[in-house]
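Peer 1:
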Amino acid sequence: MFYDHQQIEKKWQKYWEDNQTYKTSNNTDKPKFYVLDMFPYPSGAGLHVGHPLGYIASDIYARYKRHQGFNVLHPVGYDSFGLPAEQYAIQTGQHPAITTEQNINRYEEQLKKIGFSFDWSRELRTSDASYYKWTQWIFIELYHSWYNKNTDKAESIDTLIKHFEEKGTEGLNANQNDELSFTAEEWSSASEIDKEDILLNYRLSYRAETTVNWCPALGTVLANDEIKDGKSERGGFPVFQKKMMQWSMRISAYSERLLQGLSTLDWPQPLKDAQEYWIGKSQGAQVQFKVDGHDEIVEVFTTRPDTIFGATFMVLAPENPLVETITTDAQKVEVDTYIEETSKKTERDRMSDVKNVSGAFTGSYAINPFSGAKMPIYISDYVLMGYGTGAVMAVPAHDERDHRFAKKFNLEIKKVVETEEDVQEKSFDSKDSVCVNSEFLNGLSYNDAKSKMISEIENKGIGHGTTNYRQRDAIFSRQRYWGEPVPIYYKEGMPYTLPASALPLELPEVEKYLPTEDGDPPLGNAKEFAWDEVNQKVVSTDLIDDKTIFPLELSTMPGWAGSSWYFLRYMDPHNDGEFFAKELSDYWGQVDLYIGGSEHATGHLLYSRFWNMFLKDRGYINHDEPFQKLINQGMILGMSAFVYRIDGTNQYVSKSLAGNYQTQQIHVDVALLKGTSDELDTEAFKAWRPDYANAEFILEDGKYITGREVEKMSKSKYNVVNPDDICEEYGADGLRLYEMFLGPLEQSKPWNTQGLSGVYGFLKKFWNLHFNGETFEISEEEPTKAEYKVLHTLIKKVVYDIENFSFNTSVSSFMIAVNELQKLKCNKRNILEPLSVIISPYAPHICEELWNLLGHDTSIEFEQFPVLNEDYLVEDEIEYPVSVNGKMKFKISLSAQLSAKEVEDLVISNEKMQQILEGKTPKKIIVVPHRIVNIVI
1 MFYDHQQIEK KWQKYWEDNQ TYKTSNNTDK PKFYVLDMFP YPSGAGLHVG
51 HPLGYIASDI YARYKRHQGF NVLHPVGYDS FGLPAEQYAI QTGQHPAITT
101 EQNINRYEEQ LKKIGFSFDW SRELRTSDAS YYKWTQWIFI ELYHSWYNKN
151 TDKAESIDTL IKHFEEKGTE GLNANQNDEL SFTAEEWSSA SEIDKEDILL
201 NYRLSYRAET TVNWCPALGT VLANDEIKDG KSERGGFPVF QKKMMQWSMR
251 ISAYSERLLQ GLSTLDWPQP LKDAQEYWIG KSQGAQVQFK VDGHDEIVEV
301 FTTRPDTIFG ATFMVLAPEN PLVETITTDA QKVEVDTYIE ETSKKTERDR
351 MSDVKNVSGA FTGSYAINPF SGAKMPIYIS DYVLMGYGTG AVMAVPAHDE
401 RDHRFAKKFN LEIKKVVETE EDVQEKSFDS KDSVCVNSEF LNGLSYNDAK
451 SKMISEIENK GIGHGTTNYR QRDAIFSRQR YWGEPVPIYY KEGMPYTLPA
501 SALPLELPEV EKYLPTEDGD PPLGNAKEFA WDEVNQKVVS TDLIDDKTIF
551 PLELSTMPGW AGSSWYFLRY MDPHNDGEFF AKELSDYWGQ VDLYIGGSEH
601 ATGHLLYSRF WNMFLKDRGY INHDEPFQKL INQGMILGMS AFVYRIDGTN
651 QYVSKSLAGN YQTQQIHVDV ALLKGTSDEL DTEAFKAWRP DYANAEFILE
701 DGKYITGREV EKMSKSKYNV VNPDDICEEY GADGLRLYEM FLGPLEQSKP
751 WNTQGLSGVY GFLKKFWNLH FNGETFEISE EEPTKAEYKV LHTLIKKVVY
801 DIENFSFNTS VSSFMIAVNE LQKLKCNKRN ILEPLSVIIS PYAPHICEEL
851 WNLLGHDTSI EFEQFPVLNE DYLVEDEIEY PVSVNGKMKF KISLSAQLSA
901 KEVEDLVISN EKMQQILEGK TPKKIIVVPH RIVNIVI
C-alpha cells in the first residue's frame with residue numbers, strides 16, 4: 001500500500017490543532033512533568049535542519065511521559081526582543097514589531113509542520129506588552145529589595161529603611177556598592193534625595209557608573225557574547241570599553257548560592273564547570289599599600305598573601321580611578337595612550353590573551369608594608385577592574401603573567417625562600433634576587449603560611465582575610481529601541497519606579513531607531529514618553545517641567561531580561577492580575593527536563609537561576625533552582641562547498657588544480673551543485689550573484705569540482721538544509737527519525753540528506769506490516785512467542801533508551817523489530833497496536849494514522865506505554881557451542897530449562913561427541929549455563 005506521508009501528516013496536524021490535543025490542564029490529579037526547550041529567537045532565515053534537533057528530543061520525551069500517565073507541560077514561545085530586528089529596522093525603516101511578527105509566523109509554520117506536541121495555547125512572546133508588563137514588575141521588585149547577609153536572602157527595602165531608622169548602619173551586614181557609615185539620627189535628618197542616593201547603594205537593581213562594551217556604530221552597549229575578536233558579532237563594528245551610567249543587577253550577592261546550588265542539579269559537568277569558573281570563588285586577603293608621596297591607598301586582593309615578600313611591583317587596571325590621580329606629568333602621555341588602546345579590547349579578549357603582556361609606568365611607587373621597599377606602579381590590560389579591586393601586587397617569581405611582565409619591563413624578580421640553607425641548596429638566576437622568610441614561613445604548610453600572613457596583615461591594620469568572586473554585577477541597560485522599557489522616571493536626578501498599576505510601560509513609537517542628535521538612546525526620539533506623577537500616566541515629552549511631569553528612562557532592558565523567567569510564566573500565561581498564581585508554581589515547580597545549546601552555559605542560565613532565587617527569597621515561588629535536569633544537544637553540521645578564485649582575477653579553478661595557483665577559497669551555495677555530487681553547475685553559479693556573472697572556469701575532465709568541508713550549519717556558509725524540503729520529500733516523521741538516528745544527542749554530527757532514504761524505507765516497511773497489498777488487513781489471532789519476543793525486546797530497549805536519552809539506538813531497534821516482524825509475516829493486532837504506541841513519540845503522524853485504521857477514534861497520544869513482560873524474553877532453547885581442547889567443534893540446541901549436569905550428559909552422549917572421543921574419557925567438562933560447553937580430553 002502506498003505510504004502517502006504528505007496527506008497523513010497534514011491530516012493529523014489539523015486534527016491536533018482542531019482538538020487541542022496537547023493543551024495542558026492545570027487542574028488534574030495526574031503527576032506533573034515539565035519539559036522545556038531553550039527559548040528560540042525567531043530570525044528571518046527561518047529554521048534549518050540543525051535547529052529542530054533539541055526540539056525533537058524534548059518532544060519524544062514529552063510524548064513518552066504522556067504515555068506513562070503524566071500531565072505534561074511542553075510549551076513554546078519566542079524570545080522576540082533583540083538587536084537583529086532593530087538593525088533591520090534601522091536599514092529599512094520597517095518597525096521591528098512587523099519583522100518580528102513575520103519571523104514568528106515563519107517559525108511557527110515550520111514547527112507545526114514537524115509535528116511538535118507543544119501546548120500552543122500557552123505561547124509567549126517577550127515583546128508582547130502583556131508579557132513584559134511582568135518583566136518590568138520583577139525589575140521593580142528587585143529595585144525595592146536588598147540582600148541581607150545575616151539572613152542570606154533578599155528582603156524588602158522597607159526592612160533596610162527600618163534598620164537605618166533604628167540603628168543607622170550599626171550592625172548592618174549587606175551586599176552593597178560602597179561601605180557607608182551613619183547613625184539613625186543622621187538618617188532621619190537626611191533629605192529625601194540623600195536617602196534615595198544611599199538606598200541605591202543597596203538595591204538589587206541599581207544605577208551606577210560602569211565600564212561597558214560600547215559599539216558606536218550600533219549606538220549601544222553589547223554583552224560579551226555579542227562580541228567576537230573585538231568587534232560586534234552583528235555588523236563587525238569596533239567595540240570599545242567606556243564608562244557609562246548604567247542599570248545593573250546585583251547578581252554578585254548570589255554568587256555563593258549560585259555556586260552551592262550546582263551540586264543539587266543534574267546538569268552536564270562541563271556546564272557546571274563553566275559556571276563555577278565564571279563565578280570564580282577564591283579566598284585570600286585584602287591588603288593596603290601606601291603610595292609614596294600621596295595620600296592614596298592601593299588596595300589589592302590576593303589569594304597568596306604568603307608571597308607578599310616577593311612582590312616587586314604593582315599593576316592597576318587601566319580604568320582604575322587611582323590611575324588619573326597617581327600618574328606623574330612625565331608619564332601622562334604614555335599612560336593616556338595606553339588607556340586609549342586598551343579601550344578597544346573587550347574584557348573577554350583581555351582575559352584570554354595570556355601570552356602578550358603590555359603596560360605603561362605611572363611614575364609612582366607603592367610601599368611594601370612588610371619590607372618597606374618601593375614598588376613601581378604600572379597599568380596593564382591583564383588586570384581587570386571588575387575582579388578584586390582592579391589592582392594586583394605582582395610576584396613575578398611565582399606568577400606566570402607577572403613574570404612575563406617583569407621580563408618585558410626589566411623589573412626585579414624576587415624569589416621567596418624559607419631559610420638561608422635553601423639559598424645554598426637551590427640555584428637562582430644571577431639577575432634575580434632572593435628574599436629569606438624564616439621569621440614568618442619557615443617550616444609551615446601552604447595553608448598555615450597563608451593563615452599566618454592573614455593574621456599578620458590584620459595585626460598591622462592594613463587589611464583582612466576575605467572571600468572574593470570573579471562574577472560581577474550584570475549590566476542591565478541597553479541603548480536600544482527594541483527591548484523592554486525600564487519602568488523608571490527621574491526626579492531631581494534620582495530614579496523612581498513607576499507604580500505597578502501603571503504597568504506595562506509600553507514601548508513608544510519613534511520616527512527613527514537611531515540615537516538622537518544629542519547622543520541619547522533611540523527612545524529619546526519618542527514624542528509621548530514622559531511621566532505625569534500626579535495623574536499616573538505617560539504624556540508628551542513637551543510637558544516635562546520636573547515638578548509634576550518627569551523624564552522616563554531612555555535605555556531598554558537587555559535580551560536576557562525576558563528569558564530569565566519565561567519558564568515561570570508558562571505555568572499561568574494568561575493571568576493579568578499577577579505574574580502567575582502561587583498554587584500553579586507549587587504544582588509545576590521546577591522544569592524537569594530542559595534541553596538547549598551549551599552556548600548558554602553562563603549568561604542565560606546564571607541569570608535565570610539568579611532571578612529564580614530572588615523570587616524564592618521574596619516568597620513568590622518555593623524552589624531555589626529553575627531547571628533540575630539539563631541536556632545540551634550537539635550541533636548538526638553542514639557539508640559546505642567551496643570554489644577557488646585565482647587571486648586578482650575572475651577565474652575559478654577546479655579543486656584538484658587549485659594547488660597550482662594562488663587562490664582564495666570562497667563559500668558557495670550547496671544548492672548550486674549538481675544533484676548529490678561535488679560538481680558545480682557553472683551556469684547557475686554565474687547567475688547566482690552579479691559579481692560572478694563573468695566568471696571563467698578552469699575545469700578538470702570537463703567539470704568544475706568544488707571543495708567540501710563539514711562545518712557548522714549556517715546561512716553565512718550557504719550550507720543550510722531547509723526542513724520544509726525534507727518534510728516534503730521524506731515527511732516530518734522521516735525528518736524526526738533521521739535527526740535522532742544521526743548519533744548521540746549530545747554530540748555534533750554531519751548532515752547527509754542521502755541517509756534519509758534508510759529511515760524512509762523503515763517507515764514504508766512499518767506501514768506495510770498492516771497491509772496485504774492494497775488491503776488493510778489485521779489478524780486477531782494470538783501472537784506466537786517469537787512475535788511477543790520481538791515486541792518485548794523492543795519495549796525493554798526503548799524504555800531504557802528514552803530514559804537515558806539514547807534516541808539514536810531506539811531508531812535502530814525500531815528497524816530491527818520491523819524487519820523481524822516482516823520475516824515472521826506478523827500482522828497480529830496484539831503486536832501492531834503496542835508497536836504503534838512505542839514508535840509514536842518518534843513518528844507521531846504515521847502512528848496516529850495506523851491507530852485510527854486499527855479502529856480507534858481517539859488519539860494515540862494518551863495510550864498507556866506497553867509494559868515489559870520479561871517472560872517473553874526467556875529462551876526456550878539455547879544453542880551451546882561445544883569446544884574440545886579449546887577449539888569449537890560443533891553446536892547443539894538444548895532446552896533452556898536443563899541443569900548443568902543434564903547438559904553435560906546430553907553433550908557427552910551426542911553422536912558427534914562420541915566420534916571425537918573415540919572411546920576416551922574426558923579429563924574435564926566445564927558447562928557455562930546458557931553459554932558454552934568446554935571439554936578437555
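Following full-length UniProt numbering, the numbering of the sequence shown begins with 1 at its first residue and continues without gaps. Virtual Cβ for every residue (Gly too), placed ideally from N, Cα, C.
Three or more C-beta pairs under 8 Å: does that hold for the region 47 to 60 against the region 143 to 155?
Peer 2: no
Peer 1: Taking the straight line between their C-alpha atoms, what separation do you get for L124 and E340?
Peer 2: Rounded to the nearest angstrom, the two C-alpha atoms are 44 Å apart.
Peer 1: Is the closest heavy atom of the ligand MG to the C-beta of W137 under 7 Å?
Peer 2: Of the ligands one can find in the structure shown there are none, so the ligand MG has no counterpart to examine.
Peer 1: Taking V882 and M913 to be in contact with their CB atoms under 8 Å, please state how far apart those CB atoms are, rounded to whole angstroms.
Peer 2: About 7 Å; that satisfies the 8 Å criterion.
Peer 1: With burial defined as no fewer than 16 other Cβ atoms inside 10 Å of the residue's Cβ, what is the status of A217: buried or exposed?
Peer 2: exposed
Peer 1: Any beta carbon of chain D sitting closer than 8 Å to that of I326?
Peer 2: In the structure shown, chain D does not exist; there is a single protein chain.
Peer 1: Closest to H930 by CA distance: which of Q897, G603, F2, I937 is it?
Peer 2: Q897
Peer 1: Beta-carbon within less than 7 Å of E863's beta-carbon, same chain only, minus the 5 sequence neighbours each way: which residues are those?
Peer 2: H67, V837
Peer 1: Around the C-beta of F2, are 16 or more other C-beta atoms found within 10 angstroms, so that it is buried, or is it exposed?
Peer 2: exposed
Peer 1: Tell me the rounded alpha-carbon separation between E425 and E400.
Peer 2: Residue placement at E425 is flagged as unreliable, the pLDDT there being 44, under the threshold of 50; a coordinate-derived value is accordingly withheld.
Peer 1: Going straight from the alpha carbon of R257 to that of P573, what length do you get?
Peer 2: In this structure, the CA atom of R257 is about 29 Å from the CA atom of P573.
Peer 1: Does DSSP classify G519 as helix, strand or coil?
Peer 2: coil
Peer 1: May I ask which residues mark the beginning and end of the beta strand (DSSP E) holding W531?
Peer 2: 530 to 532
Peer 1: When the Cα atoms are used, what is the spatial distance from Q176 to V72?
Peer 2: So the two alpha carbons sit approximately 42 Å from each other.
Peer 1: Just the C-alpha distance for Q110 and E17, rounded to the nearest angstrom, thanks.
Peer 2: Cα to Cα, Q110 sits roughly 15 Å from E17.
Peer 1: Tell me the DSSP secondary structure of S540 in three-state form.
Peer 2: coil
Peer 1: Excluding the five sequence neighbours on either side, which residues of its own chain have a C-beta within less than 8 Å of the C-beta of Y15, listed in chain order?
Peer 2: Take Y15, set aside five residues on each side of it, and the residues of its chain with a beta-carbon closer than 8 Å to its own are T21, E848, S859, in chain order.
Peer 1: Roughly how many angstroms separate the alpha carbons of T541 and G524, rounded to a whole number?
Peer 2: 9 Å
Peer 1: Cα separation between Q754 and P841?
Peer 2: 24 Å
Peer 1: Pull up the DSSP beta-bridge partners for N71, would you.
Peer 2: K32
Peer 1: Is it buried or exposed for L411, if we count other Cβ within 10 angstroms and need 16 for buried?
Peer 2: buried
Peer 1: Counting Cβ pairs, one atom from each stretch, are 3 or more of them under 8 Å apart for the region 807 to 824 and the region 756 to 767?
Peer 2: Yes, they touch.
Peer 1: What residue range does the alpha helix (DSSP H) around L894 cover?
Peer 2: Where L894 is concerned, there is no enclosing alpha helix (DSSP H), although the beta strand (DSSP E) it sits in stretches over 887 to 895.
Peer 1: Considering only C-alpha positions, which residue in the set M888, Q283, G359 is nearest to residue 942?
Peer 2: Limits of the chain in this structure are 1 at one end and 937 at the other, which puts residue 942 out of reach.
Peer 1: Of the residues N201, L199, K749, E165, which one's Cα is nearest the Cα of S188?
Peer 2: E165
Peer 1: Under a three-way DSSP split, which group does E902 fall into?
Peer 2: E902: helix per DSSP, three-state reduction.
Peer 1: Per DSSP, which one or two residues make a beta bridge with Q288?
Peer 2: E299
Peer 1: Let me know if K828 comes out buried or exposed under the rule of 16 or more other beta-carbons within 10 Å of its beta-carbon.
Peer 2: buried
Peer 1: Could you name the residues of the same chain whose beta carbon sits closer than 8 Å to that of E781, not counting the 5 residues immediately before and after it, in chain order?
Peer 2: Once the five neighbours on either side are set aside, the close Cβ partners of E781 are K828.
Peer 1: Would a C-beta distance cut-off of 8 Å place E276 and L262 closer than the cut-off?
Peer 2: yes
Peer 1: So T135 and D79 are supposed to be a Cβ contact under 8 Å. How far apart are they, rounded?
Peer 2: Not confirmed; about 12 Å, so no contact.
Peer 1: Taking 8 Å as the cut-off, decide whether the C-beta atoms of E186 and G168 are in contact.
Peer 2: yes
Peer 1: Using beta-carbon positions only, say whether F313 and M385 come within less than 8 Å of one another.
Peer 2: no
Peer 1: Could you work out which residue in G659, Q651, S130, A658 is closest to T682 when comparing CA atoms only?
Peer 2: Q651
Peer 1: Please classify L673 as buried or exposed, where buried requires at least 16 other C-beta atoms within 10 Å of its C-beta.
Peer 2: Taking all protein chains shown into account, L673 has 16 or more neighbouring C-beta atoms within 10 Å of its C-beta and is therefore buried.
Peer 1: For G619 and I138, what's the separation of their Cα atoms in angstroms?
Peer 2: 13 Å
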